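Enquirer: Everything in the sequence shown is counted per the numbering used here, starting at 1 for the first residue and increasing by one.
Beta carbons: idealized from backbone N, C-alpha and C, even for Gly.
These numbers come from a predicted model, not from an experiment.
Please read through the structure below; I'll follow up with questions.
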Amino acid sequence: MRAGRGTTPARDRAVVLGGSMGGLLAAYALADAYDQVTVIERDTVPDGPHPRKGVPQGRHTHALLAGGHLALEEMLPGITDELAAEGAPIGDTLGDSRLYFGGHRFVADHGGLSLVSVTRPRLEAAVRRRVAERPNVELGPPAEVVGLKVAEGGRRVTGARVLVRGDDEGGDEVALAADLVVDATGRGSQLPRWLDEMGVGAPAEEKVVVGITYATRRYRLDEDVLDGALACIEGPTPEAPRGGGLSRVEDGVWLATLGGYGDDAPPADPDGFEAFARTLPFPDIADALADGEPVDEPMRFRFPAGVRRRYDRMRHLPHGLMPVGDAVCSLNPLYGQGMSVAALQARTLRRELVERGRSTVAAARAVARVVEDAWRMSSAADLAMPGVVGRRTRADAVMGRYVARVQRAAATDPSVARAFMRVAGLVDRPTALLRPAVVATVLRR
Ligand SMILES: Cc1cc2nc3c(=O)[nH]c(=O)nc-3n(C[C@H](O)[C@H](O)[C@H](O)COP(=O)(O)OP(=O)(O)OC[C@H]3O[C@@H](n4cnc5c(N)ncnc54)[C@H](O)[C@@H]3O)c2cc1C
């Protein structure tokens, strides 16, 4: 048994609910702090890089931001090489992409920010493999979490109630005792309801209603279709609120994802999909697809709203409980932040629990706060779009006008383009855009 510190009495066992990116990365981090870590996932997990039911978004483009990649490589050294060996193209975000933000094409520059262009199922499979190698982590058989075990009048979580599927309907309910329960069950997490039923109260929720629809189709394209670039992103603007991305992934396949707000959904029929691409303000993606060989039909995904649950602000967050990933904050996928936030949270988890020996409550608050910059940036950008519903602040509006100037300057100045991509990539905090050298360059343009 590991000695507990602060208000954490013991570190015998952690149970992680949900075995997707958030849960797997948390489990990996916790393996340094707990004798035994058990991951409970309801899906039958495929043996390899294949889509699965519990992660329906897995077929869509999943960008790994530079900040998320740095955290991932720090925690799981060598994972980039493993992904490259499996065929994932690796490059430089600014140097090997065509990026259009705010209606401007960013100047190309090898600024040292990584670009790992990998499909979601392959990345998740690689992370799962590394987690499975930890001798004290158990990836259990498919099981459904149905509730928590609590003590001390709801002030402490002591485990989880789990339905283990049997041959017959229903299965057996099992109570798993744990010193720490991590909720990584994603956007549909039942934790707010469980906390309410425990008498602790659900966390406050912030919401930005984006009503955005994505459609993704896979293609085979010439390797040099973008003149050697690995990806092209055409971000939406308030004047043209449609966007798209095209990226080369493993096996010579390219993922094309298009998106539109409100009723402006990209069609799911092949002709409509390509016609929608043609309406983007820049022709790069449509031109690339024109001579392409489609691999499948377009698939759609509707994302109603970004949601942030303020566990960090709860007065009585129970001991022994740690929500992570989309269970804390489900971010508009447009900005490609979700997995990177999960990686940054796992790194924070390890730092707080292992290196600093903090209590689980303090660590849970720190983990929930990791999302702050990603949420502020994506919300502010979304709220600048027509029809998006949420709380608009003056500060966001002022910052939005400044960011528009940053994006204009990034079309010609590599140092500004780098500064913007470091912030958008969750490497630097947004205040980095207010450094005197950046401000001076932006205001000169
Ligand atoms: C269309 C789309 C595109 C996206 N693109 C990007 C992108 O480009 N870049 C990026 O970083 N992120 C992207 N995301 C977000 C990303 O998918 C999530 O942020 C990421 O998967 C977070 O992982 P998670 O583990 O917190 O939750 P999830 O991936 O949702 O996983 C939750 C897991 O919990 C399991 N589970 C749920 N309930 C139970 C239960 N009761 N019992 C047992 N198991 C349970 C599920 O089966 C699942 O495995 C995108 C999302 C969408 C919808």
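Reducing DSSP to helix, strand and coil, say where residue 80 ends up.
Expert: For the purposes of this step, residue 80 is taken as the residue at position 80 of the sequence shown. Here residue 80 sits in helix by DSSP.
Enquirer: Would you identify the three-state DSSP class for residue 150, choosing helix, strand or coil?
Expert: On the sequence shown, residue 150 is found 150 positions in, with the first residue counted as 1. Residue 150: strand per DSSP, three-state reduction.
Enquirer: Residue 273 and residue 56 - do their beta-carbons sit closer together than 8 Å?
Expert: As a working note, residue 56 is residue 56 in the sequence shown. As a working note, residue 273 is residue 273 in the sequence shown. Taking 8 Å as the Cβ cut-off, residue 56 and residue 273 do not qualify as a contacting pair.
Enquirer: Whose C-alpha, out of 179, 262 and 97, is nearest the C-alpha of residue 322?
Expert: For the purposes of this step, residue 322 is taken as the residue at position 322 of the sequence shown. Taking only the C-alpha atoms, the option nearest residue 322 is 179.
Enquirer: By how many angstroms is the C-alpha of residue 129 removed from the C-alpha of residue 15?
Expert: Residue mapping note: residue 15 aligns to position 15 of the sequence shown, counting from 1. Residue mapping note: residue 129 aligns to position 129 of the sequence shown, counting from 1. So the alpha carbons of these two residues sit roughly 18 Å apart.
Enquirer: Residue ranges of each alpha helix (DSSP H) run of no fewer than 4 residues wholly in the stretch 268 to 306, ordered along the chain?
Expert: If we require 4 residues or more, the alpha helix (DSSP H) runs fully inside the stretch 268 to 306 come out as 270 to 278 and 284 to 290.
Enquirer: In this structure, how does DSSP classify residue 107 when only helix, strand and coil are distinguished?
Expert: The count along the sequence shown starts at 1 and reaches residue 107 at position 107. In the structure shown, residue 107 sits in coil (DSSP, three-state: anything other than H, G, I, E or B).
Enquirer: Since residue 15 sits in a beta bridge, which residues does DSSP pair it with?
Expert: Counting from one through the sequence shown, the residue named residue 15 turns up at place 15. Looking at the DSSP assignment, residue 15 forms a beta bridge with 38 and 181.
Enquirer: Helix or strand or just coil, what does DSSP make of residue 320?
Expert: Translated into the one-based positions of the sequence shown, residue 320 becomes position 320. Residue 320: coil per DSSP, three-state reduction.
Enquirer: Give the single residue among 384, 412 and 109 whose Cα lies nearest to the Cα of residue 399.
Expert: Looking up residue 399 in the sequence shown gives position 399. Comparing Cα positions, the closest option is 384.
Enquirer: Please check the pair residue 244 and residue 285, which I expect to be a contact at CB under 8 Å, by giving their CB distance rounded to whole angstroms.
Expert: By 1-based counting over the sequence shown, the position of residue 244 is 244. By 1-based counting over the sequence shown, the position of residue 285 is 285. Going by Cβ atoms, the distance from residue 244 to residue 285 rounds to 5 Å, so yes, they are a contact pair.
Enquirer: Does residue 315 pass the burial test, meaning 16 or more other C-beta atoms within 10 Å, or should it be called exposed?
Expert: Looking up residue 315 in the sequence shown gives position 315. Counting Cβ neighbours within 10 Å, residue 315 comes out exposed, since fewer than 16 surround it.
Enquirer: Measure the alpha-carbon distance for residue 87 versus residue 218 and round it to whole angstroms.
Expert: One-based indexing of the sequence shown puts residue 87 at position 87. One-based indexing of the sequence shown puts residue 218 at position 218. Cα-Cα distance, rounded: 16 Å.
Enquirer: Could you say which of 47, 99, 152 and 83 lies nearest to residue 69 if we only look at CA atoms?
Expert: Start at 1 with the first residue of the sequence shown, and residue 69 comes out as number 69. Ranking 47, 99, 152 and 83 by Cα distance to residue 69 puts 83 first.
Enquirer: Please state the DSSP three-state secondary structure of residue 398.
Expert: Here residue 398 refers to the residue found at position 398 of the sequence shown. In the structure shown, residue 398 sits in a helix (DSSP, three-state: H, G or I).
Enquirer: Is any heavy atom in ligand 1 found nearer than 7 Å to the beta carbon of residue 28?
Expert: Counting from one through the sequence shown, the residue named residue 28 turns up at place 28. No - ligand 1 has no heavy atom lying nearer than 7 Å to the Cβ of residue 28.
Enquirer: With DSSP run on the structure shown, which of helix, strand or coil describes residue 7?
Expert: Counted from its first residue, the sequence shown places residue 7 at position 7. For residue 7, the predicted model reports a pLDDT of 45, less than 50, meaning its position is unreliable and no value from the coordinates is stated.
Enquirer: If you count every other CB in all the chains shown that lies within 10 Å of the CB of residue 121, and 16 or more means buried, which is it?
Expert: Counting from one through the sequence shown, the residue named residue 121 turns up at place 121. Label assigned to residue 121: buried.
Enquirer: For residue 211 versus residue 261, is the C-beta spacing smaller than 8 Å?
Expert: Your numbering for residue 211 matches position 211 in the sequence shown. Your numbering for residue 261 matches position 261 in the sequence shown. Contact flag set, yes.
Enquirer: Helix, strand or coil: how does DSSP classify residue 341 here?
Expert: Along the sequence shown, read from residue 1 onward, the residue named residue 341 stands at position 341. Helix, per DSSP.
Enquirer: So does residue 55 have its beta carbon nearer than 7 Å to some heavy atom of ligand 1?
Expert: Position 55 of the sequence shown, counting from 1, holds the residue named residue 55. True, at least one ligand heavy atom lies under 7 Å from that Cβ.
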